[in-house]
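**Q** Below is one structure. I have some questions about it.
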Amino acid sequence: TGFVQSLIKLCGLNWIAPDYTTLCRRQKHIDIVISYQKSSDGLHLLMDSTGMKFLGEGEWKRKKHGPEYRRQWRKLHIGIDAKTLQIRAVQLTTNNVSDSQVLGDLLNQIPQDERINSVYTDGAYDTKQCRQVIADRQAHAVIPPRKNAKPWKDTKSSSLERNELLRTIK
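For the sequence shown, position 108 (counting from the first letter as 1) is numbered 108 according to UniProt numbering, and the numbering increases by one without interruption.
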């Protein structure tokens with residue numbers, strides 16, 4: 001909090017910076033509002049996630065001396081408009097939450113009256129649930145099958161499309 005407190009002081013404000021524990025406790029309840037330009041011709045969303053280490057020694061120290069304690073990570077899931085490169089959806093989770101579990105929440109951050117043309121993801125989103133969530137928004141799913149993918153037995157259009165893609169690439 002020392003750095004943040006010094007920034008507050010430089011701004012001439014008489015505020016107290018919240019400590020790390022307070023921020024961690026409240027992060028679940030903070031609503032993030034992202035400003036953006038609404039797409040007039042439909043969105044082409046790029047979805048992915050990345051890991052962020054927030055507790056633990058530096059990589060160099062760990063490599064040199066070995067780990068001293070468990071490192072903790074968070075996952076930042078993000079949706080970007082491919083045309084404007086604006087962030088349209090974001091969610092921070094613990095590292096044990098899979099990408100596919102969060103896709104519905106990310107798509108719900110896009111207003112229902114805004115058309116989504118396509119959603120591009122990596123193989124981590126290759127699940128029936130993800131394909132259904134995308135289909136529910138009348139969007140086209142562009143998801144490569146997982147490396148160990150097997151054909152799905154059901155006859156939904158999203159499953160048939162995926163199975164056809166599997167036949168093509170194998």
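For every residue, glycine included, the Cβ atom is placed at its ideal position computed from N, Cα and C.
(1) Considering only their Cβ atoms, is the gap separating G79 from A89 smaller than 8 Å?
(2) How many angstroms separate the CA atom of W152 from the CA atom of V133?
(3) Give me the Cα-Cα distance between K75 and Q91, rounded to the nearest whole angstrom.
(4) What is the residue span of the beta strand (DSSP E) that K75 lies within?
(5) For K53, which residues does DSSP report across the bridge?
(6) Excluding the five sequence neighbours on either side, which residues of its own chain have a C-beta within less than 6 Å of the C-beta of H44, listed in chain order?
(7) How would you write the range of the beta strand (DSSP E) that Q91 sits in, first residue to last?
(8) Do you know whose CA, among V97, V102 and D41, lies nearest T84's CA?
(9) At the level of alpha carbons, what is the spacing between S159 and Q138?
(10) Exposed or buried, what is I110 when buried is set at 16 or more other beta-carbons lying within 10 Å of its beta-carbon?
**A** Let me spell this out:
(1) On the sequence shown, position 89 is the one that residue 89 refers to. On the sequence shown, position 79 is the one that residue 79 refers to. Going by C-beta atoms, A89 is nearer than 8 Å to G79.
(2) Within the sequence shown, numbered from 1, the residue matching residue 152 stands at position 152. Within the sequence shown, numbered from 1, the residue matching residue 133 stands at position 133. The straight-line gap from Cα to Cα measures roughly 17 Å.
(3) Here residue 75 corresponds to residue number 75 of the sequence shown, with the count starting at 1. Here residue 91 corresponds to residue number 91 of the sequence shown, with the count starting at 1. Using only the alpha carbons, I get a separation of about 8 Å.
(4) Counting from 1 along the sequence shown, the entry for residue 75 is found at position 75. Where K75 is concerned, the enclosing beta strand (DSSP E) stretches over Q72 to D81.
(5) Stepping through the sequence shown from its first residue, residue 53 is reached at position 53. Answer by DSSP bridge pairing, in chain order: W73.
(6) Sequence index remark: in the sequence shown, residue 44 carries index 44 (1-based). Correct list, in chain order: A82, N117 and S118.
(7) Looking up residue 91 in the sequence shown gives position 91. Taken as a continuous stretch (DSSP letters only), the beta strand (DSSP E) holding Q91 covers I87 to T94.
(8) Counting from one through the sequence shown, the residue named residue 84 turns up at place 84. Looking at the Cα atoms, D41 is the closest of the given residues.
(9) Here the question's residue 159 lines up with position 159 in the sequence shown. Here the question's residue 138 lines up with position 138 in the sequence shown. Going from the Cα of S159 to the Cα of Q138 covers about 15 Å.
(10) By 1-based counting over the sequence shown, the position of residue 110 is 110. It is buried - the Cβ of I110 has at least 16 other Cβ atoms within 10 Å.
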